Amino acid sequence: MEEKVEKIIEIERLKVETKNKVILDGVDLNIFKNCVNTIVGPSGSGKSTLLRSLNRLLDMDPSMDVSGDVLFEKRNIVDIDPVELRREIGLVFQKPNPFPMSVYDNVAFGLRIQGKKLKKDEMDKMIHQALEDADLIEELGGNLKQGGTSLSGGQQQRLCIARALVLRPKVLMFDEPTSALDPIAKGKIVDLIRALKQKYTVILVTHDMNLTRKVSDYTNLIYEGKFVAKGTGSEFFESEIEEVRDFLTEAD
Amino acid sequence: MTSSYTGNRREIQWKKIGSRKLKDTIAKGLSYVVLGMMVVILVSIFIYILDSGASHITLTMLITPGNTATGGILNAIVGTWELVGMGLLFSLPPSVLGALYVVNGRSNGTLSLVARLFTDVLTSVPSIVIGLFAFIVLVQRLDMGYSLIAGGLALAVMMLPYLMRIIEISFRNIPKEQIENAYALGADDIRVASRIYLPQAKVGMLSGILLAVSIAAGETAQLLYSAGWNNNYATGFTHSGVGYLTYVVWNGINYPTTYSHYLAFVSAMILILSVTGLIAISKYIGRRQ
Ligand SMILES: Nc1ncnc2c1ncn2[C@@H]1O[C@H](COP(=O)(O)OP(=O)(O)O)[C@@H](O)[C@H]1O
Ligand SMILES: [Mg+2]
Chain A
1 MEEKVEKIIE IERLKVETKN KVILDGVDLN IFKNCVNTIV GPSGSGKSTL
51 LRSLNRLLDM DPSMDVSGDV LFEKRNIVDI DPVELRREIG LVFQKPNPFP
101 MSVYDNVAFG LRIQGKKLKK DEMDKMIHQA LEDADLIEEL GGNLKQGGTS
151 LSGGQQQRLC IARALVLRPK VLMFDEPTSA LDPIAKGKIV DLIRALKQKY
201 TVILVTHDMN LTRKVSDYTN LIYEGKFVAK GTGSEFFESE IEEVRDFLTE
251 AD
Chain B
1001 MTSSYTGNRR EIQWKKIGSR KLKDTIAKGL SYVVLGMMVV ILVSIFIYIL
1051 DSGASHITLT MLITPGNTAT GGILNAIVGT WELVGMGLLF SLPPSVLGAL
1101 YVVNGRSNGT LSLVARLFTD VLTSVPSIVI GLFAFIVLVQ RLDMGYSLIA
1151 GGLALAVMML PYLMRIIEIS FRNIPKEQIE NAYALGADDI RVASRIYLPQ
1201 AKVGMLSGIL LAVSIAAGET AQLLYSAGWN NNYATGFTHS GVGYLTYVVW
1251 NGINYPTTYS HYLAFVSAMI LILSVTGLIA ISKYIGRRQ
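Listed in order, the protein sequences are those of chains A and B. Going left to right, the first sequence walks through residues 1 to 252 as the working numbering numbers them. Going left to right, the second sequence walks through residues 1001 to 1289 as the working numbering numbers them.
Set out below in structure tokens:
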């Protein structure tokens, strides 16, 4: 399987540590293009830290010491302007957190800060498209002036997805996107992630084994900052690796 | 957590710490007495000044300049706001930048700590010392003379720590996730400051500004050495003294005529009303947020 599918991100010997703790301990992992790459693992195993290192959000935290290489489309991410990189690799956080502004302005945020002058109708079109791709436009009934924070939790999460989608990233990372949502809202995100992989590469961090079963192409298990299972499809659930068996028992 | 469980726990605690509860009540009672005394004293000062001011106020006082013994106090009213405005102009930008740095800085914390220490020290420098410093450096060394700039800078030094602290607090109230989200969407530091920090901290900043302005308006000591005084309006930013209300209060009372006392009381009344007004507005805005 690996030979046929293109790698979009290659992580090599990635090590992230603070003064007192090794958080990621020499991670080697490939992220495959136009696939759902799922990362599962117990809480505190370093999943969020891994996502943050991929878009260099970790650079903001001076207490984090990062070494090793991450190649994004064969370029080392340290050679890419972080602002540029973050537009290419979008991140949707665990807790939905729209900015306290209208739905429209939320989605427009990423476009406006680029400093490029977009024509009004061009901007409108992109925002509509993003909201449609995030499966939100219908529920809003065309009212994009309403406050982003007044939406329901599930809608807020999809608004955050639209906000990332409007930038047309190549990779979209989700950090436990369903953990704060009710079952119906969860279901919508599942459908959405499935649809998104047609156009985007998805990296999905989750605790939710149901979600993993439904959407994952490659499932990777991280355990105390190291991957103990990598690049497996549905055979992940039949794995004989001890940590995987333990994790699956715990998760169910 | 059911209500019956909470009820039981409360009962147990009540038995255990009955005597502590009694001490608590006494301490609370005492502090109410002290608070009551302070309120009475404050209110009587307030009423006394308002009464003495209101009973001697005339229109001429409010619309003509004067020298604290004759004429009016318009030069002092105008000068007060000019000085405070100048102080704000000098203190607001560094306060905002400093607060951004402390809250959002990438340093390992030592520089933030130094900034904090610096502002704490500033708060505790007596205003007369700030005034003297302004006199030596600005008025004499840099040869500005008594002036708006010198007075404004002297006020700014005092306003800066208050402003920075309040602005810092309103920055910290913004959810951290929002800041991270903005960065994750490709915003740089300047965009995050201008599109997230500043708009969201607007209200907190405004109430901080009002508070700093009200504190500055009531200052005398550093202005004596920096703004000097002017029997008329200031004619420029340097080499022209500025009048201000606290000077009228201080000088008018020392001057042995009844009219100069009236001027002092009216000035004090205007000051008290503006300051309490500003503080009330700032509290109101702060609460509404
Ligand atoms: N900013 C930080 N400073 C210090 N330690 C951190 C920081 N962020 C995360 N950690 C530590 O790194 C480990 C992994 O955290 P995280 O990546 O959030 O795990 P996960 O997302 O898998 O639950 C945890 O032990 C956590 O305490
Ligand atoms: Mg996490």
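Idealized CB from N, CA, C, for every residue including glycine. Fair warning: this is a prediction, and the values are worked out from it, not measured in the lab.
query, result
"Just to confirm, is the Cβ distance from Leu167 (chain A) to Gly233 (chain A) under 7 Å?", "no"
"Kindly say whether Ile113 (chain A), judged by its beta-carbon, lies nearer than 7 Å to any beta-carbon of chain B.", "yes"
"Can you give the Cα-Cα distance for Gly1228 (chain B) and Phe1135 (chain B), rounded to whole angstroms?", "10 Å"
"Name, please, each residue of chain A whose Cβ falls closer than 8 Å to the Cβ of Tyr1183 (chain B).", "Leu57, Met60 and Arg86"
"Mind checking whether the beta-carbon of Thr206 (chain A) lies closer than 6 Å to any heavy atom of ligand 1?", "no"
"State the Cα-Cα distance for the pair Lys165 (chain A) and Ile89 (chain A), rounded to the nearest angstrom.", "Lys is not the amino acid found at residue 165 (chain A); the sequence shown has Leu there. If you take the alpha carbons of Leu165 (chain A) and Ile89 (chain A), they lie about 10 Å apart."
"At 4 residues or longer, and completely inside the stretch 1223-1253 of chain B: list those alpha helix (DSSP H) runs for me, N to C.", "none"
"Got a sec: is the Cβ-Cβ distance from Asn97 (chain A) to anything in chain B below 7 Å?", "yes"
"Per the DSSP calculation, Met173 (chain A) is bridged to which residue(s)?", "A:Leu91 and A:Ile203"
"Using DSSP bridges, identify the partner residues of Ile9 (chain A).", "A:Ile31 and A:Phe72"
"Please name the residues in the stretch 147-180 of chain A whose beta-carbon is closer than 8 Å to at least one beta-carbon of chain B, in chain order.", "Cys160, Arg163, Ala164 and Leu167"
"In whole angstroms, give me the CA-to-CA distance for Leu1088 (chain B) and Val1129 (chain B).", "20 Å"
"Compare the C-alpha of Ala1297 (chain B) against each of B:Val1249, B:Ile1285 and B:Ile1026 and name the closest.", "One cannot answer for residue 1297 (chain B) here, as it falls past the ends of chain B, which runs 1001 to 1289."
"What residue from B:Asn1254, B:Lys1283 and B:Arg1195 has the CA that sits closest to Ser1214 (chain B)'s CA?", "B:Lys1283"
"Compute the minimum distance between the beta carbon of Gly1151 (chain B) and the heavy atoms of ligand 1, and state whether it is under 6 Å.", "no"
"Give the secondary structure of Tyr1259 (chain B) by DSSP, where H, G and I count as helix, E and B as strand, and everything else as coil.", "helix"
"Report yes if the CB atom of Ile8 (chain A) is closer than 7 Å to the CB atom of Thr212 (chain A), and no otherwise.", "no"
"Is the shortest distance between the beta-carbon of Phe72 (chain A) and the beta-carbons of chain B less than 7 Å?", "no"
"Against chain B, does Gly110 (chain A) count as a neighbour if the rule is that its beta carbon must be under 7 Å from one of theirs?", "yes"
"Comparing the CB of Ser53 (chain A) with every heavy atom of ligand 1, is any distance shorter than 6 Å?", "no"
"Does the distance from the C-beta atom of Leu1062 (chain B) to that of Tyr1244 (chain B) stay below 7 Å?", "no"
"Would you mind telling me which residues of chain A sit closer than 8 Å to Gln1200 (chain B), beta carbon to beta carbon, in chain order?", "Pro100"
"Tell me the DSSP secondary structure of Thr219 (chain A) in three-state form.", "strand"
"Apart from the five residues just before and just after Ile1196 (chain B), which ones in its own chain have a Cβ nearer than 8 Å to its Cβ?", "Ile1174, Gln1178, Ile1179, Ala1182 and Ala1187"
"Along chain A, which residues have their Cβ under 8 Å away from the Cβ of Gly1286 (chain B)?", "Residues of chain A passing the Cβ test: none, with the nearest at roughly 17 Å."
"If you run the structure through DSSP and keep just helix, strand and coil, what is Thr38 (chain A)?", "strand"
"Leaving out five residues before and five after Lys171 (chain A) in sequence, what residues of the same chain have Cβ atoms less than 6 Å from its Cβ?", "Inspection of the sequence shows that residue 171 (chain A) is occupied by Val rather than by Lys. Closer than 6 Å at Cβ, skipping near neighbours: Ile89 and Thr201."
"Going by other Cβ atoms of all chains shown within 10 Å of its Cβ, with 16 needed for buried, is Asn76 (chain A) buried or exposed?", "exposed"
"Is Lys19 (chain A) helix, strand or coil by DSSP?", "coil"
"Can you tell me the Cα-Cα spacing of Glu2 (chain A) and Tyr218 (chain A), whole angstroms?", "With a pLDDT of 47 at Glu2 (chain A), under the threshold of 50, the modelled position of this residue cannot be trusted; read the value that follows with caution. C-alpha separation (whole angstroms): 10 Å."
"Closest to Asp28 (chain A) by C-alpha separation, out of A:Ile189, A:Val36, A:Leu50 and A:Arg56, would be which residue?", "A:Leu50"
"By the three-class DSSP mapping on this structure, what secondary structure does Lys230 (chain A) have?", "strand"
"What's the call for Tyr1032 (chain B), buried or exposed, on a 16-neighbour Cβ count within 10 Å?", "exposed"
"Under three-state DSSP, which class holds Ile1285 (chain B)?", "helix"
"Helix, strand or coil for Leu14 (chain A)? Go by DSSP, reduced to three states.", "strand"
"On the DSSP letters alone, give me the boundaries of the alpha helix (DSSP H) that Met1159 (chain B) sits inside.", "Leu1148 to Arg1172"
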